[in-house]
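Chemist:
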Amino acid sequence: MSPELNLGTPSLMFFSENLDQLYTDLTNKNVTVGEMVTMPSGKVFNFADSEGNYFAVMEKNQ
69 MSPELNLGTP SLMFFSENLD QLYTDLTNKN VTVGEMVTMP SGKVFNFADS EGNYFAVMEK
129 NQ
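Last residue of the sequence shown? That's 130 in the numbering used here, and every number before it is there in order.
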């Protein structure tokens, strides 16, 4: 999944202390999720709501 950048809507990034579990939970609920990617700042993935809006979630460093 590679969502287009939509500059006409706000972008939101959420943070999670348990990113792997959240990814599994969303996948099990048939939510559209992107591939989990490891970046220098941590792991991140995106997901879409039922209206096709995309959001990102990044692991929260403790």
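Heads up, the beta-carbon is just placed ideally off N, CA and C, and yes, glycines get one too.
(1) Tell me the residue span of the alpha helix (DSSP H) that contains Thr106.
(2) Measuring straight from C-alpha to C-alpha, what distance separates Glu103 and Phe115?
(3) Can you list, in chain order, the residues of its chain with a C-beta nearer than 6 Å to that of Asp88? Leave out the 5 residues immediately preceding and following it.
(4) In this structure, how does DSSP classify Asn121 when only helix, strand and coil are distinguished?
(5) Tyr91 and Phe123 - do their beta-carbons sit closer together than 8 Å?
Modeler: Concretely, from the data shown:
(1) Careful: Thr106 lies outside any alpha helix (DSSP H), inside the beta strand (DSSP E) at 105 to 107.
(2) Each residue's Cα considered, the two are about 9 Å apart.
(3) For Asp88, where only same-chain residues beyond five positions count, there are no Cβ hits under 6 Å.
(4) When DSSP states are grouped into helix, strand and coil, Asn121 belongs to the coil group.
(5) In this structure, Phe123 sits away from Tyr91, with a CB-CB distance that is not shorter than 8 Å.
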